[in-house]
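**Student:** Top line first, the protein sequences correspond to chains R and G. For the first sequence, position 207 (counting from the first letter as 1) is numbered 207 according to the numbering used here, and the numbering increases by one without interruption. For the numbering used here, count along the second sequence from 1 and bump the result up by 330. C-beta: ideal position from N, C-alpha, C; glycine also.
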Amino acid sequence: MSERYSLELWVEKYRPRRLDEMVDQREIVERLKEFVREKNVPHLLFVGPPGTGKTTAALCLAYELYGEKWRDNTLELNASDERGIDVIRTRIKEYARTVPLSEVPFKLIILDEADNMTGDAQQALRRTMELYSRTARFILIANYASKIIEPIQSRCAIFRFQPIPKEDFIARLRYIAESEGVKVTEDGLEAIWEESMGDMRKAINALQAAAAIGEVVDADTVYKALGKVTPTEIRDMIKLALGGNFLAAREKLRALLYSYGLSGVDVIKLVYREVTSARSGLDLDERTRLELVELLGELNYRIVEGADDEIQLNALLAKMALIGAKRGRA
Amino acid sequence: MSIVPWTEKYRPKRIDEVVGNPEAKKAFVAWLNKWLAGRPEKKAALLYGPPGCGKTSLVHAAAHQLGLELIEANASDVRTSEALRRRVLRSATEGSLFGARGKIILLDEVDGVSPREDRGGLDMIMEIIKASQYPVVLTANDPWDPRLRQLRSMCKLIEFRKLGIRDVVRALREICRREGIECDYSVLRAIAGNCEGDLRAAINDLQSIAMGRRRVTLEDLEVLGYRARQMNMFEVVRQVLTAKRPEAAKAVLSMPSLDYEMLMQWLNENIPYQYSPSIVAIADAYDALSRADMMLGRIKRRQAWTLLPYALDLMTAGVASAREKPPFKFVKYSFPYKLRALSATKEQRDERMRIARVIAKTCHTSARKALTEILPFLKLIYEENPQAGRKLLKGLGISESKFAKALGLHVHTVRPSARARRARA
Numbered sequence: 001m002s003e004r005y006s007l008e009l010w011v012e013k014y015r016p017r018r019l020d021e022m023v024d025q026r027e028i029v030e031r032l033k034e035f036v037r038e039k040n041v042p043h044l045l046f047v048g049p050p051g052t053g054k055t056t057a058a059l060c061l062a063y064e065l066y067g068e069k070w071r072d073n074t075l076e077l078n079a080s081d082e083r084g085i086d087v088i089r090t091r092i093k094e095y096a097r098t099v100p101l102s103e104v105p106f107k108l109i110i111l112d113e114a115d116n117m118t119g120d121a122q123q124a125l126r127r128t129m130e131l132y133s134r135t136a137r138f139i140l141i142a143n144y145a146s147k148i149i150e151p152i153q154s155r156c157a158i159f160r161f162q163p164i165p166k167e168d169f170i171a172r173l174r175y176i177a178e179s180e181g182v183k184v185t186e187d188g189l190e191a192i193w194e195e196s197m198g199d200m201r202k203a204i205n206a207l208q209a210a211a212a213i214g215e216v217v218d219a220d221t222v223y224k225a226l227g228k229v230t231p232t233e234i235r236d237m238i239k240l241a242l243g244g245n246f247l248a249a250r251e252k253l254r255a256l257l258y259s260y261g262l263s264g265v266d267v268i269k270l271v272y273r274e275v276t277s278a279r280s281g282l283d284l285d286e287r288t289r290l291e292l293v294e295l296l297g298e299l300n301y302r303i304v305e306g307a308d309d310e311i312q313l314n315a316l317l318a319k320m321a322l323i324g325a326k327r328g329r330a
Numbered sequence: 331m332s333i334v335p336w337t338e339k340y341r342p343k344r345i346d347e348v349v350g351n352p353e354a355k356k357a358f359v360a361w362l363n364k365w366l367a368g369r370p371e372k373k374a375a376l377l378y379g380p381p382g383c384g385k386t387s388l389v390h391a392a393a394h395q396l397g398l399e400l401i402e403a404n405a406s407d408v409r410t411s412e413a414l415r416r417r418v419l420r421s422a423t424e425g426s427l428f429g430a431r432g433k434i435i436l437l438d439e440v441d442g443v444s445p446r447e448d449r450g451g452l453d454m455i456m457e458i459i460k461a462s463q464y465p466v467v468l469t470a471n472d473p474w475d476p477r478l479r480q481l482r483s484m485c486k487l488i489e490f491r492k493l494g495i496r497d498v499v500r501a502l503r504e505i506c507r508r509e510g511i512e513c514d515y516s517v518l519r520a521i522a523g524n525c526e527g528d529l530r531a532a533i534n535d536l537q538s539i540a541m542g543r544r545r546v547t548l549e550d551l552e553v554l555g556y557r558a559r560q561m562n563m564f565e566v567v568r569q570v571l572t573a574k575r576p577e578a579a580k581a582v583l584s585m586p587s588l589d590y591e592m593l594m595q596w597l598n599e600n601i602p603y604q605y606s607p608s609i610v611a612i613a614d615a616y617d618a619l620s621r622a623d624m625m626l627g628r629i630k631r632r633q634a635w636t637l638l639p640y641a642l643d644l645m646t647a648g649v650a651s652a653r654e655k656p657p658f659k660f661v662k663y664s665f666p667y668k669l670r671a672l673s674a675t676k677e678q679r680d681e682r683m684r685i686a687r688v689i690a691k692t693c694h695t696s697a698r699k700a701l702t703e704i705l706p707f708l709k710l711i712y713e714e715n716p717q718a719g720r721k722l723l724k725g726l727g728i729s730e731s732k733f734a735k736a737l738g739l740h741v742h743t744v745r746p747s748a749r750a751r752r753a754r755a
């Protein structure tokens, strides 16, 4: 019985290893295969929304270039975790200046979430890219090209990843379900597609979670799983704030920030999802809903600009209480 | 290898590098200029004020900048009249040795001259002032000691005040920059707050914590048993929140050691207690606080210190300008929850982060994304289907008990899934 449970998260288990296995992104894959044939890769910048295969493409490229020894010739860094100038100065330089261990005359440095790098670090990176371009090639991965400084962009070949078309997306999910022996219905797949908004990683996680809950993955189990993944505090907090109970709402907020360890932007995103979801049971009229959306946008901006997430989110809750009171009077 | 104290290494070389006390600086320079022009109004100046506020540094900087030879005797030297005569009186009446433009005679900490051990010391100081051909500068912490009365009358008195926390932080930051140390802003503030405006003490503390490191965090500070001084914020908060006019709230800014980031936390905590039940007042006050916080964020990220006055204005007058404030009531204020919570839940958060990092490594993503996008699914699978969950944890190399603890789950009370129950039946 227990063989039916996987040791691996499906997102990893079903991550394509070879370029040919990638879902969609045909033109990009063709170009990358060209690089492999030539055994020459320029610096690359992969740009596109989350879950469209950027990291996978980089890993596939590494595998195609170096085969089983790809790990010895690839340095993977995530700029969100190591965003300082120090990483550029030390780890990348140290790695970049040693000679590669294969017939390919350069090593690969994959810098994921590069749009989270500080400006200083990007400046340092730009010099490093030039200095070591004989022994190392960079693949920078980002959601937005605009957050990468111009001089780096101009040193890279830029690949723009498009959202995966619905048919390919659903076909992939169905393939995974079949391989895992999970029964999945059409409306179940439809629900995952809708809720994950084109993000393959989210979709596969949702599929695995739904499969853990029920015998059959249908729309119900999918929504149930996704509902449980969102902390209950989010919905409670929204209801309390709109009902004018600021202090109780603040308490929920604090649980999210200090026990769950969510960031301010995480909270805003989750609130936004609830406010715009038809299934949240918040029962908002369209005018109120739009007012909230505008408020969330403003507060998202303030959190990014500001210093203290809790202060900004308390300002949000207080404004929500005002909006709620107005609605009550109307 | 001997270690140069940073208090010496970074002693200002120019008058404008001396931190704080602009009036005192101006008065001192004016007095010195008259001397150099040959028309001293008083032959000596007595600089007085609390320790570490820049008295001695100002004299050093002036001597350096103006090319004057500095003759110095401080409290650690013996100050009997005989010792003073030998060491100071001679050079106060002779030409300069090195062809410098002139000299400054500096007698540090004259209130420390002991009437018994330094017999005749004070008399000798007065004799030096009378005979000196050069400016004489005395410093003291407490100039109002009756024994100094006669000496006082011969001096131009220049008062130095305790340095503000902002000045101290700025000076510390500059040192960190020059030492190539990355030091969290919160650390600098904690050090500055603890030293009560004594820059010398602050620099010494900084050196003992930061030397030989490249990065200093608040945790390092706590490891060393260093605790930020807890200000009595109650009165400050009350003054801001119950101010009848915005200017009255703004008046708290004149307190020299006001820690404005701490004030932000206290206001964040207590606004709803003071202003409920008026939702309008709460929302207005938080809006002002939120705007102030944006300014502080920009200051932090871009060193945009010119924005500080706006932030300070918003967090005081801005908050107090809330509409529809309820009538005054006495409220017992609370200590900011965040400051407590962050230390109380630290262990759990750290453990979550460790797990997130493990996941991030396997899943080629950031710890942040692992925390928000993968961990919740893993938790759900573990709760709903422990067998499947355990297997995944094993595959990731995460211990089940640590996982359960970090997510606030109980290992033994996990209910079996419907599927597992059916399998058993």
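Taking DSSP's pairing of strands, which residues face R/R137 in a bridge?
**Tutor:** The residue labelled residue 137 of chain R in the question sits at position 137 within the first sequence. Looking at the DSSP assignment, R/R137 forms a beta bridge with R/L108.
**Student:** Which chain G residues are close to R/Q312, counting only those with a beta carbon under 7 Å from its beta carbon?
**Tutor:** Sequence index remark: in the first sequence, residue 312 of chain R carries index 312 (1-based). S620 and D623, listed in chain order.
**Student:** Return the chain-ordered list of same chain residues with a C-beta closer than 7 Å to the C-beta of G/P666, the five sequence neighbours on each side being excluded.
**Tutor:** Translated into the one-based positions of the second sequence, residue 666 of chain G becomes position 336. Closer than 7 Å at Cβ, skipping near neighbours: Q595, W596, N598 and E599.
**Student:** Counting only beta-carbon atoms, is G/H742 nearer than 8 Å to chain R?
**Tutor:** Locating residue 742 of chain G in the second sequence gives position 412, where the first residue counts as 1. Below a pLDDT of 50, predicted positions are generally treated as unreliable, and G/H742, at 49, falls in that range; the measurement from the model is reported next regardless. Chain R contact via Cβ: absent.
**Student:** Give the single residue among R/T230, R/L173 and R/T74 whose Cα lies nearest to the Cα of R/A203.
**Tutor:** Taking the first residue of the first sequence as 1, we reach residue 203 of chain R at position 203. Between R/A203 and the set R/T230, R/L173 and R/T74, the nearest pair of CA atoms involves R/L173.
**Student:** Any beta carbon of chain R sitting closer than 8 Å to that of G/G725?
**Tutor:** As a first step, residue 725 of chain G must be located in the second sequence, where it is residue number 395. Yes, G/G725 lies at the interface with chain R (some Cβ there is under 8 Å from its Cβ).
**Student:** For the beta strand (DSSP E) containing G/I401, list its first residue and its last residue.
**Tutor:** On the second sequence, position 71 is the one that residue 401 of chain G refers to. Unbroken beta strand (DSSP E) run through G/I401: L398 to A403.
**Student:** Going straight from the alpha carbon of R/V99 to that of R/F138, what length do you get?
**Tutor:** Here residue 99 of chain R is taken as the residue at index 99 of the first sequence, counted from 1. Here residue 138 of chain R is taken as the residue at index 138 of the first sequence, counted from 1. Distance between the alpha carbons of R/V99 and R/F138: 15 Å.
**Student:** What are the start and end residues of the beta strand (DSSP E) that includes R/R160?
**Tutor:** For this step, residue 160 of chain R is matched to residue 160 along the first sequence. Segment A157 to R160, the beta strand (DSSP E) holding R/R160.
**Student:** Within 10 angstroms of the Cβ of G/G738, are there 16 or more other Cβ atoms? Answer buried if so, exposed if not.
**Tutor:** For the purposes of this step, residue 738 of chain G is taken as residue 408 along the second sequence, with counting starting at 1. Under this definition G/G738 is an exposed residue.
**Student:** Give the C-beta separation of G/Y616 and G/I601 to the nearest angstrom, bearing in mind that I take them to be a contact with Cβ-Cβ under 8 Å.
**Tutor:** Working through the second sequence from its first residue, we reach residue 616 of chain G at position 286. Working through the second sequence from its first residue, we reach residue 601 of chain G at position 271. That belief holds up - the Cβ atoms of G/Y616 and G/I601 are roughly 6 Å apart, short of 8 Å.
**Student:** Closest to G/A520 by C-alpha separation, out of G/R503, G/R507, G/G510 and G/I609, would be which residue?
**Tutor:** Numbered from 1 along the second sequence, position 190 holds the residue referred to as residue 520 of chain G. Residue G/R503 is the option with its Cα nearest to G/A520.
**Student:** So, do the segment 702-710 of chain G and the segment 63-82 of chain R have three or more beta carbon pairs nearer to each other than 8 Å?
**Tutor:** no
**Student:** Using CA coordinates, which residue listed in G/K372, G/A367, G/A375 and G/A391 is at the minimum distance from G/K339?
**Tutor:** Numbered from 1 along the second sequence, position 9 holds the residue referred to as residue 339 of chain G. Ranking G/K372, G/A367, G/A375 and G/A391 by CA distance to the CA of G/K339 puts G/A391 first.
**Student:** Please return the same chain residues whose Cβ sits closer than 8 Å to the Cβ of G/C383, not counting the five positions on each side in sequence.
**Tutor:** On the second sequence, residue 383 of chain G is found 53 positions in, with the first residue counted as 1. Excluding positions up to five away in sequence, the list reads G350, N351, F490, R491, K492, L493, G527, D528 and L529.
**Student:** What does a CB cutoff of less than 6 Å around G/G719 pick up in its chain, not counting 5 residues either side in sequence?
**Tutor:** Locating residue 719 of chain G in the second sequence gives position 389, counting from the first residue. Here the set comprises I711 and Y712.
**Student:** Over what stretch of residues does the alpha helix (DSSP H) that includes G/N715 continue unbroken?
**Tutor:** Taking the second sequence and counting its residues from 1, one reaches residue 715 of chain G at position 385. No alpha helix (DSSP H) contains G/N715, which DSSP labels as neither H nor E.
**Student:** Any idea if G/W474 is buried or exposed, counting beta-carbon neighbours within 10 angstroms, 16 or more meaning buried?
**Tutor:** Indexing the second sequence from 1 puts residue 474 of chain G at position 144. Exposed.
**Student:** Where does G/F660 fall in DSSP's three states?
**Tutor:** Residue 660 of chain G sits at position 330 when you count from the first residue of the second sequence. Shown here, G/F660 sits in coil according to DSSP, grouped into three states, outside any helix or strand.
**Student:** Restricting to Cα atoms, I'd like to know which of R/L295, R/E82, R/L59 and R/S80 is closest to R/N73.
**Tutor:** Locating residue 73 of chain R in the first sequence gives position 73, where the first residue counts as 1. Per the Cα distances, R/L59.
**Student:** Tell me the residue span of the beta strand (DSSP E) that contains G/A374.
**Tutor:** Taking the first residue of the second sequence as position 1, residue 374 of chain G is located at position 44. Unbroken beta strand (DSSP E) run through G/A374: A374 to Y378.
**Student:** Need the endpoints of the beta strand (DSSP E) that G/I488 sits in, please.
**Tutor:** As a working note, residue 488 of chain G is residue 158 in the second sequence. Start and end: C485 to E489.
**Student:** In the structure shown, what three-state DSSP assignment does R/L45 receive?
**Tutor:** In the first sequence, the residue the question calls residue 45 of chain R occupies position 45. Reduced to three states, the DSSP call for R/L45 is strand.
**Student:** Please classify R/K183: is it buried, with 16 or more other beta-carbons within 10 angstroms of its beta-carbon, or exposed?
**Tutor:** Stepping through the first sequence from its first residue, residue 183 of chain R is reached at position 183. R/K183 should be labelled exposed.
**Student:** According to DSSP, simplified to helix, strand and coil, what is R/I148?
**Tutor:** Residue numbering aside, residue 148 of chain R sits at position 148 when the first sequence is read from its first letter. R/I148: coil per DSSP, three-state reduction.
**Student:** Name the residues in the segment 695-707 of chain G whose C-beta lies less than 9 Å from a C-beta of chain R; which are they?
**Tutor:** Of all residues in the segment 695-707 of chain G, T695, S696, A697, R698, K699, L701, T702, E703, I704, P706 and F707 have a Cβ within less than 9 Å of some Cβ in chain R.
**Student:** Which of the three DSSP states is assigned to G/I601 in this structure?
**Tutor:** Position 271 of the second sequence, counting from 1, holds the residue named residue 601 of chain G. Residue state, collapsed to three classes: helix.
**Student:** Just list the residues that DSSP pairs G/G432 with in beta bridges.
**Tutor:** What you label residue 432 of chain G is simply residue 102 of the second sequence in a count that begins at 1. In DSSP, G/G432 forms a bridge with G/L398.
**Student:** Provide the residue(s) that pair with G/E512 in DSSP beta bridges, ordered along the chain.
**Tutor:** Position 182 of the second sequence holds residue 512 of chain G. Paired residues: G/R545.
**Student:** What residues are listed by DSSP as bridge partners for G/L437?
**Tutor:** Locating residue 437 of chain G in the second sequence gives position 107, where the first residue counts as 1. BP columns for G/L437 point to G/A403 and G/L468.
**Student:** From the DSSP output, in three-state form, read off G/E526 for me.
**Tutor:** The residue given as residue 526 of chain G occupies position 196 in the second sequence. Reduced to three states, the DSSP call for G/E526 is coil.
**Student:** Which same chain residues, not among the five before or five after G/L554, have their C-beta less than 7 Å away from its C-beta?
**Tutor:** Within the second sequence, residue 554 of chain G is the residue found at index 224, counting from 1. With a pLDDT of only 49 at G/L554, under the threshold of 50, the placement of this residue in the model should not be trusted; the figure read from the coordinates follows. Once the five neighbours on either side are set aside, the close Cβ partners of G/L554 are I539.
**Student:** Helix, strand or coil: which one does DSSP assign to R/N300?
**Tutor:** Counted from its first residue, the first sequence places residue 300 of chain R at position 300. Helix at R/N300.
**Student:** Give me the subset of the segment 663-678 of chain G whose CB atoms are less than 9 Å from a CB atom of chain R, sorted by chain position.
**Tutor:** Y667, K668, A671, L672, A674, T675 and Q678
**Student:** From the beta carbon of R/G328, is the nearest beta carbon of chain G less than 8 Å away?
**Tutor:** Start at 1 with the first residue of the first sequence, and residue 328 of chain R comes out as number 328. Closer than 8 Å: no.
**Student:** Taking just the CA atoms, how far does G/M683 sit from R/I109?
**Tutor:** As a working note, residue 109 of chain R is residue 109 in the first sequence. As a working note, residue 683 of chain G is residue 353 in the second sequence. When rounded, the distance between both Cα atoms is 25 Å.
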